[in-house]
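Student:
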Amino acid sequence: MATKAQSRMTPLKLFSYTFVALWLIIAAFPFFWTFWGSFKVQADFLSKADWRNALYGANTIAQTGSAFTAEAYRGAWIDEEFWFNFKNTGIVVFFTVVISLTFGTLGGYALARSGFRYAFWILMAALVFRAMPHITLVSGYLLPFFEWNVWGIQPTTIIVLVAINQPFTLWMLHSFFKNIPKDMDESAMVDGCTRFQAFRYVIVPVMWPGVITTGLFSFLLAYNDFTVAAMLLSEENETIIPAINSFMGTTQVEGKVMYAVAAVVSTVAPLFVLILFFQRQIVSGLTAGAVKG
Amino acid sequence: MKHRTFFWFILPTLSAMILFIAMPIVSVFVQSLFVAHEQVLVVSESCGPFGCTPTTSVDLEATEKLREEAPLGRFNGLGTYFNRSHLAIAEIGEAWANSDSLGAFWSQIYNLPFYNALIFTLTYTFVVTPAVLVLGLAIAVGVNNLPRALKGPSIFISLLPFLVTPLVGSLILFWMVDGDGVIGATIQKIFNDPSLSLKASTALTWIMLIVYGIWHTLPFSFITFYAGLQTVPDDTLEAAQIDGASKWQTMIHVVVPHLMPLVSFVTLMLIMDNLRVFEPIVSFSAEAHARSLSWVIFNDLRESGNPLYASAGATSLLTIIIVIFLMMPVLVRTWRDFTRKSH
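One line per chain: the protein sequences are A and B, in this order.
So in our numbering, spot 29 of the first sequence is number 29, and the numbers just go up one at a time.
So the mapping is simple: our numbering equals the position in the second sequence, first residue as 1, plus 1000.
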C-alpha cells in the first residue's frame, strides 16, 4: 500500500531511478547493437569512420543493395558449418542434463533425509569441489584420457560435465528436498513401502518444480562450457563455444569477422528464449541457496 | 535413513565426483612431480681424411621408446614447484638481495610468470567482488522501488549479461571497444588520438577486463539482493519510519543488516567465480597485458605439440591451494553452524 509520503519524488528516488535506467541500458545495449549489426557487412559493423553506419548500413546498401543482409548467417551456418557444432552441443547438453539430474535427484534426496555426520561432509566436499577452477581439473584429465584412448569423443565430455555439475546440483536439490515435508515419504514407509518405493511414488510426483529449476542451470553450464569442451573434444565433435573461439583465430580476414558475429548472435538467441519462458525459475534458482539459508 | 539405503542413493553422484573431481586432483599432483624426458643423444665419430670429429645426434628411436615406457616422464620431485615459472624461490631471494628499493623488488616479482598471474587474478577478484556487491544492492533497491509493471522487464534485461557465457559476452563487448568498434572509435575521437587502443596499455586492459567482470556478475548480486529485499518485514520498516529515520538511515540500519547473511553468500559465490577468470582474456586477446592463473594453465596445456603437463599440474595445484585458503573462513563458519544445529 503506497502512501502519499512514499510515492513522493525525492532526489534520492530520482537518483535511484536514473541509476537503474543506466544499468538497464548498459546491460541491454551491447546485445541490441550486436544483433542489429549482425545483419550488416563488416565495414558497417566495425565502422571507424562513422558509428551511424552500423545503424543505417551505408556500406551494406552499397555492397548488397539492401540495408539488411543475412550474408553473415549464411556464411557461418552453411560455409563454416556452424549447424554441425550446434548439433554437437545439442547432444552434449541433452545427455549432460539428463544424467546429472538423475544422479543429482538421488543424491540430493539422500543427503536431505540423512542426519548423519558424513552427509554433511559430503556437502562440504561438494562445496570445495564447486570452487575448483575447471581448468585445474582438465589438466588432470588429459594424460589419463590419452592413455585410455577416450580423448576427443562426446561421451567423455558428457561424463566430465556431469561430474563438474554434480556439486552444484547436489546443493540445490538438497535444499529443495529439505523443503518437502519428511512426513510424506515416512508415512508411505509406514504403509509398507521401501525407501526407494517411497521416493518413486511419493517424492517423484512432487519434485518437478525443483528439478526443472536445477535442470535449467545444468543446461546453462553445459551449453556455456568452453574450458572442458575446448580441451577434451576433437575437431569433428567441437561444440559451439569452442567453435566460436576457433572462428576468431582463423577468420580475421575481411568479411569473415561477420561470421563470428552471426555465430555469437545464434548462440545467444536460445538463451534469450530460455529467459523469456523460465525467468521465474531462473530467479528462484539463483536465490535458492541464499534466501532459504 | 539407513546407511545402506543412503549408500545406494548417493553412489552414482559420489562415484562421478570421486572419479572426475577428486582423482584428477591426485593425477594433477602426480604429473606435477615429473618432467618430460630429455632426448636421448648419441655421440658418434665421423672420420674423414682430416681426422675424426665427434657429432651429436638425437636417437629418435630410443627417445620414443623411453616415452613409451614412462609416459609421465622422469621423476623431478618438487622441482617444478620451485622453478622460475612457479614459486621461483631462488629468483625471489636474488631479487630481494639485489634490488635497492621496494618498488624495484616488486617489479622483479611482477615479471615472474606465476606471481604475475596471481597478482592479476587477485586484483580482478578483489576489485570486481566489492564493486558488484555495492552496485548490485543499489540496483536491487532501485528496482524494488519501481512500479510493479516495470519490475519483470528490468529483471529480464538484467539476466542476459549473466547467463551468456563469458567467452561470448566478452566477445560482444570486445567488438564494441575495438579500435573500429562504436565505443573504441568514439573514445579515439574524444581524445583525438587515432592510435589509442584499449588493448595497447596494461592499465587499460586491466580496466577493460574488470569492467567486463562487473557487467557480467552484477545481475547475480542484484537478483539475490532483490529477492532478499522482498523478505524485509514491513513492520520493522514502518517502525523505523515512525521513529523518524530517513530513507537513507532506514537503508543503512534496517535493510542492510537484514541482508547480511545474503552478503556473505553472494561474496562466497563471487569469489569462487571470479578466481577462475579466464575466458575474457581469450576473447579480448589480452594475454600480452593480463594473465590469470587459469589462463596460464590453459596456455601450458595448449603449448602446441608439446604440452607442459608438469608445469600445468604445478600451477593447478597451487591454484587449488589458494582457492581453498580463500574459502577457509566460509568453510569454518558452515562447520560451526552445522555443529551448533546438531547439538
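Ideal Cβ positions, reconstructed from N, Cα and C, are used throughout, including at glycine.
(1) Can you confirm whether P205/A, when its beta carbon is compared against all beta carbons of chain B, has any partner nearer than 9 Å?
(2) Going along chain A in order, which residues have a C-beta closer than 9 Å to the C-beta of S1294/B?
(3) Could you tell me whether any Cβ in chain B is nearer than 9 Å to the Cβ of V291/A?
(4) Would you call the CB atoms of F1162/B and F1082/B closer than 9 Å?
(5) Please compile the residues from chain B whose C-beta is within a distance smaller than 7 Å of the C-beta of G285/A.
(6) Assuming the contact rule is C-beta atoms closer than 8 Å, I1172/B and V264/A should be a hit. Round their C-beta distance to whole Å, please.
(7) Measure the alpha-carbon distance for V1043/B versus T1056/B and round it to whole angstroms.
(8) Since G104/A meets chain B, which of its residues come closer than 8 Å, beta carbon to beta carbon?
(9) Quick one: what's got a C-beta closer than 7 Å to F168/A's C-beta in the same chain, skipping five residues either side?
(10) In terms of alpha-carbon separation, which member of M1023/B, L1033/B, L1011/B, A1088/B lies closest to G1349/B?
(11) Between which two residues does the beta strand (DSSP E) carrying P1054/B extend?
(12) Give me the chain A residues within the contact set of T1005/B, using Cβ-Cβ distance strictly less than 7 Å, ordered along the chain.
(13) Using a beta-carbon distance below 9 Å, is A110/A in contact with chain B?
(14) Let me know the alpha helix (DSSP H) ranges lying completely inside the segment 12-99 of chain A, each 4 residues or longer, listed in chain order.
(15) Whole angstroms is fine: what's the gap from V1323/B's alpha carbon to L1275/B's?
(16) Verify whether the separation of the beta carbon atoms of A1140/B and F1020/B is less than 9 Å.
(17) With distances taken from CA atoms, which of A70/A, E80/A, F219/A, M172/A is nearest L106/A?
(18) How about A1088/B and T1205/B: do their beta carbons lie closer than 9 Å?
(19) Compare the C-beta of M1023/B with all C-beta atoms of chain A and state if any pair is closer than 9 Å.
(20) Considering only their Cβ atoms, is the gap separating V93/A from A188/A smaller than 9 Å?
(21) Taking I153/A as the query, report the chain B residues whose CB atoms sit under 8 Å from its CB, ordered along the chain.
(22) Which whole runs of the alpha helix (DSSP H) in the segment 1186-1244 of chain B are 4 residues long or more, in chain order?
(23) Three-state secondary structure (DSSP) at E1069/B?
(24) Under 7 Å Cβ-Cβ, which residues of chain A neighbour M1328/B?
(25) Would you report the Cα separation of L101/A and A1016/B, rounded to the nearest angstrom?
(26) Measuring only between beta-carbons, confirm whether V160/A sits less than 9 Å from chain B.
(27) Which residue marks the beginning of the alpha helix (DSSP H) containing R1276/B, and which one marks its end?
(28) Relative to the alpha-carbon of R117/A, which residue among N1299/B, D1273/B, F1006/B has its alpha-carbon at the smallest distance?
(29) Which parts of the segment 195-282 of chain A are runs of the alpha helix (DSSP H), unbroken and 4 residues or longer, counting only runs that do not cross its ends?
(30) Counting only Cβ pairs nearer than 7 Å, list the residues of chain A close to G1142/B.
(31) State the CB to CB distance for the pair L170/A and G104/A, rounded to an integer number of angstroms; the pair is presumed to be in contact (CB under 8 Å).
(32) Measuring straight from C-alpha to C-alpha, what distance separates L123/A and A112/A?
(33) By alpha-carbon positions, which one of L1301/B, I1321/B, L1268/B, R1302/B ends up nearest to T1334/B?
(34) Report all residues from its chain with a CB closer than 8 Å to the CB of D1100/B; omit the five preceding and five following residues, and keep chain order.
(35) Name the DSSP bridge partner or partners of E1045/B?
(36) Within the same chain, show all residues whose beta-carbon is closer than 7 Å to that of I1119/B, passing over the 5 residues directly before and after it, in chain order.
Tutor: In short, the structure shows the following:
(1) Reading the first sequence from its first residue, position 205 is the one you call residue 205/A. Output row for P205/A: interface = no.
(2) Here residue 1294/B refers to the residue found at position 294 when the second sequence is read from its first residue. Within 9 Å Cβ-Cβ: P133, H134, I135, T136, T227.
(3) One-based indexing of the first sequence puts residue 291/A at position 291. At V291/A, the pLDDT of 48 sits below 50, so the modelled position is not reliable and the matter cannot be decided from this model.
(4) Counting from one through the second sequence, the residue named residue 1162/B turns up at place 162. Counting from one through the second sequence, the residue named residue 1082/B turns up at place 82. Cβ distance not < 9 Å, so F1162/B and F1082/B don't count as in contact.
(5) For the purposes of this step, residue 285/A is taken as the residue at position 285 of the first sequence. Ordered by position in chain B, no residue passes the 7 Å Cβ test against G285/A, which lies about 10 Å from the chain.
(6) Against the second sequence, residue 1172/B aligns to sequence position 172. Against the first sequence, residue 264/A aligns to sequence position 264. About 6 Å; that satisfies the 8 Å criterion.
(7) On the second sequence, position 43 is the one that residue 1043/B refers to. On the second sequence, position 56 is the one that residue 1056/B refers to. Roughly 4 Å separates the two Cα atoms.
(8) For the purposes of this step, residue 104/A is identified with residue 104 of the first sequence, where counting begins at 1. Within chain B, the residues near G104/A are T1013.
(9) In the first sequence, the residue the question calls residue 168/A occupies position 168. So the qualifying residues of the chain are R130, F217.
(10) The requested residue 1349/B is not part of the displayed model; chain B covers only 1001 to 1343.
(11) Counting from 1 along the second sequence, the entry for residue 1054/B is found at position 54. 1051-1058 is the span of the beta strand (DSSP E), which, as asked, contains P1054/B.
(12) Counting from one through the second sequence, the residue named residue 1005/B turns up at place 5. Result: R195.
(13) Taking the first residue of the first sequence as 1, we reach residue 110/A at position 110. Yes - at least one Cβ of chain B is within 9 Å of the one on A110/A.
(14) 42-45, 52-56, 58-64, 71-74
(15) Start at 1 with the first residue of the second sequence, and residue 1323/B comes out as number 323. Start at 1 with the first residue of the second sequence, and residue 1275/B comes out as number 275. Roughly 8 Å between the two C-alpha positions.
(16) Locating residue 1140/B in the second sequence gives position 140, where the first residue counts as 1. Locating residue 1020/B in the second sequence gives position 20, where the first residue counts as 1. No, the pair does not count as a contact, with Cβ atoms beyond the cut-off.
(17) As a first step, residue 106/A is located in the first sequence; it is residue number 106 there, counting from the start. Among A70/A, E80/A, F219/A, M172/A, the Cα nearest to that of L106/A belongs to M172/A.
(18) Start at 1 with the first residue of the second sequence, and residue 1088/B comes out as number 88. Start at 1 with the first residue of the second sequence, and residue 1205/B comes out as number 205. Result no, Cβ atoms of A1088/B and T1205/B do not sit closer than 9 Å.
(19) Residue numbering aside, residue 1023/B sits at position 23 when the second sequence is read from its first letter. Yes, because at least one Cβ of chain A sits closer than 9 Å to the Cβ of M1023/B.
(20) One-based indexing of the first sequence puts residue 188/A at position 188. One-based indexing of the first sequence puts residue 93/A at position 93. Not a contact, by the Cβ cut-off of 9 Å.
(21) For this step, residue 153/A is matched to residue 153 along the first sequence. Within chain B, no residue comes near I153/A; the closest Cβ sits about 15 Å away, beyond 8 Å.
(22) 1202-1229, 1234-1242
(23) Working through the second sequence from its first residue, we reach residue 1069/B at position 69. E1069/B falls in the helix class under three-state DSSP.
(24) Position 328 of the second sequence, counted from the start, is the residue given in the question as residue 1328/B. The premise fails here: M1328/B is roughly 10 Å from chain A at the closest Cβ pair, so nothing lies under 7 Å.
(25) What you label residue 101/A is simply residue 101 of the first sequence in a count that begins at 1. What you label residue 1016/B is simply residue 16 of the second sequence in a count that begins at 1. The alpha-carbon atoms of L101/A and A1016/B are separated by roughly 13 Å.
(26) Here residue 160/A refers to the residue found at position 160 of the first sequence. So, interface residue.
(27) For the purposes of this step, residue 1276/B is taken as the residue at position 276 of the second sequence. No alpha helix (DSSP H) holds R1276/B; DSSP gives it neither H nor E.
(28) To locate residue 117/A, count along the first sequence from 1; it is residue 117. Nearest of N1299/B, D1273/B, F1006/B to R117/A, Cα basis: F1006/B.
(29) 195-198, 208-224, 227-232, 240-250
(30) The residue you call residue 1142/B lines up with position 142 of the second sequence. The answer, in chain order, is S16, Y17, F19, V20.
(31) The sequence position of residue 170/A within the first sequence is 170, counting from 1. The sequence position of residue 104/A within the first sequence is 104, counting from 1. Yes, they are in contact, since the Cβ atoms of L170/A and G104/A sit about 6 Å apart, within 8 Å.
(32) As a working mapping, residue 123/A is identified with position 123 in the first sequence. As a working mapping, residue 112/A is identified with position 112 in the first sequence. Going by the C-alpha atoms only, they are around 10 Å apart.
(33) Taking the first residue of the second sequence as 1, we reach residue 1334/B at position 334. Of the candidates L1301/B, I1321/B, L1268/B, R1302/B, the one whose C-alpha sits nearest the C-alpha of T1334/B is L1268/B.
(34) By one-based count along the second sequence, residue 1100/B stands at place 100. Around D1100/B: no qualifying Cβ.
(35) Sequence index remark: in the second sequence, residue 1045/B carries index 45 (1-based). Paired residue(s): P1054/B.
(36) Here residue 1119/B is taken as the residue at index 119 of the second sequence, counted from 1. These residues qualify, in order along the chain: Y1110.
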